[in-house]
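In our numbering, the protein residues as written are 307 to 674.
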């Protein structure tokens, strides 16, 4: 038994000794570095300025009442489309007691005046028939009767307006029916049936009945950093990416760059606006957050390399060109100066120094 135990201990010691020698031998072996090989290729490079912001309707209107009262009926809700002049809500007028009393009194006075004028007109007609009254007096009597009738009609309509905010003769023009002022989509209806509303006046903006916007005419509104604003001008192409719409990129045209800066947490920003082109099959909701990639420079069909393959030293640019065959176990490279142009942050334009047939050292691939 002791003999077997000694044999096992000896084997374990020998294995430990061999593994130690193997580890030390591996550590003393020279390190062999292998690099990935990149080849220049023709590509299109675009340089962007990025602006963050939102996509908003260009025309957004708040519909406000021209009369105070209580919402009696809502004819539309958020998300529905409306035409200009279409009724959104109906307001029920709550008459002011002083105005109501005055209007009722005016009607009573007009009725009394009409009754008296009618009796006088009838007497004049009788006397004219007997030849006692001239034609001129008859015409005056008839005119006074017409005026009395018109005054009674006006008094009754005034009473209707005080009571209901509407007259039967001009009901299609009534301001108790709140109508849309533009064609578009209703974005919000912040009131409910039974809510009190106030008309717009000198001291009050009035209660918003609904917000209507033209969703076919959208605009990107965002901000760019002061370091980039000097590169921008109206008419530049813009690519919009919206976080809520996956794999959708919208075209736009820059149409406004603010001449005045704003400051946000110590960062100086300039407002920019771009007219967005929305395809018919894409629905963009108001207020979507978006990024605008404004193309400031575009190069097509230029020779490019990954920017990671380029080294910079004392203002000059270098790459390492492969001089051995790709199948060779030992890679050898020649350091070569190049002239670079436009960069998009990933690939860089090669103006001179190498050709499309050269192979360039890339990132470290593995070690053996």
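Beta carbons: idealized from backbone N, C-alpha and C, even for Gly.
Residues that residue i bridges to, as DSSP identifies them
i           : result
residue 510 : 507
residue 535 : DSSP output for residue 535 lists no bridge partner at all.
residue 372 : Answer by DSSP bridge pairing: none, since residue 372 is not bridged.
residue 570 : 573
residue 667 : 343
residue 655 : 610
residue 587 : Residue 587 is not bridged to any residue.
residue 387 : 491
residue 349 : 608
residue 377 : 397
residue 548 : 596
residue 519 : 366, 491
residue 361 : 526, 594
residue 579 : 527, 562
residue 543 : 559
Anticipated Cβ contact below 8 Å, residue i with residue j, distance rounded
i           : j           : result
residue 488 : residue 395 : With a Cβ gap of about 16 Å, residue 488 and residue 395 do not count as contacting.
residue 675 : residue 563 : The question about residue 675 has no answer, for the chain in this structure spans 307 to 674.
residue 388 : residue 492 : 6 Å
residue 611 : residue 344 : 6 Å
residue 377 : residue 500 : 6 Å
residue 392 : residue 486 : 5 Å
residue 363 : residue 542 : Not confirmed; about 22 Å, so no contact.
residue 581 : residue 555 : Not quite, the Cβ-Cβ distance comes to about 16 Å (not below 8 Å), so this is no contact.
residue 348 : residue 608 : 7 Å
residue 503 : residue 371 : 5 Å
residue 373 : residue 399 : 6 Å
residue 546 : residue 598 : 6 Å
residue 420 : residue 384 : Residue 420 to residue 384, Cβ: 51 Å. No contact.
residue 625 : residue 660 : 6 Å
residue 679 : residue 423 : The chain is shown only over 307 to 674; residue 679 falls outside these bounds and no answer can be derived.
residue 648 : residue 380 : Actually they are not in contact, since the Cβ atoms of residue 648 and residue 380 sit about 57 Å apart, beyond 8 Å.
residue 639 : residue 627 : 6 Å
residue 516 : residue 490 : So it is not a contact: roughly 10 Å between Cβ atoms.
Where residue i falls: helix, strand or coil (DSSP)
i           : result
residue 443 : helix
residue 730 : The question about residue 730 has no answer, for the chain in this structure spans 307 to 674.
residue 488 : coil
residue 642 : strand
residue 356 : strand
residue 418 : helix
residue 558 : strand
residue 455 : helix
residue 399 : coil
residue 393 : strand
residue 438 : coil
residue 499 : coil
residue 318 : helix
residue 479 : With a pLDDT of 46 at residue 479, under the threshold of 50, the predicted position of this residue should be treated as unreliable, though the coordinate-derived value follows. If DSSP states are grouped into helix, strand and coil, residue 479 belongs with the helices.
residue 674 : Low local confidence applies: a pLDDT of 49 at residue 674 is under 50, so the model's placement there is unreliable, with the coordinate-based value given in what follows. Residue 674 falls in the coil class under three-state DSSP.
residue 257 : Nothing can be reported for residue 257: it is not among the residues displayed for the chain, which extend from 307 to 674.
residue 661 : coil
residue 553 : coil
residue 326 : helix
inquiry  = Can you confirm whether the stretch 353-372 touches the stretch 535-551 when touching is taken to mean that 3 or more C-beta pairs between the two stretches lie within less than 8 Å?
reply    = yes
Requested in this report: Pick out the complete beta strand (DSSP E) segments inside the stretch 601-653, 3 residues or longer, and give them in chain order.
Outcome: Here the runs fully enclosed are 617-619, 622-628, 639-649.
- Given 8 Å as the limit, is there contact between the stretch 356-373 and the stretch 449-463, that is, 3 or more CB pairs closer than that? no
| Can we say the stretch 611-623 touches the stretch 659-668, given the rule of at least three CB pairs closer than 8 Å? | yes
Margin query: Under 8 Å, with one C-beta from each stretch per pair, do the stretch 637-657 and the stretch 318-325 reach the 3-pair mark?
Written below: no
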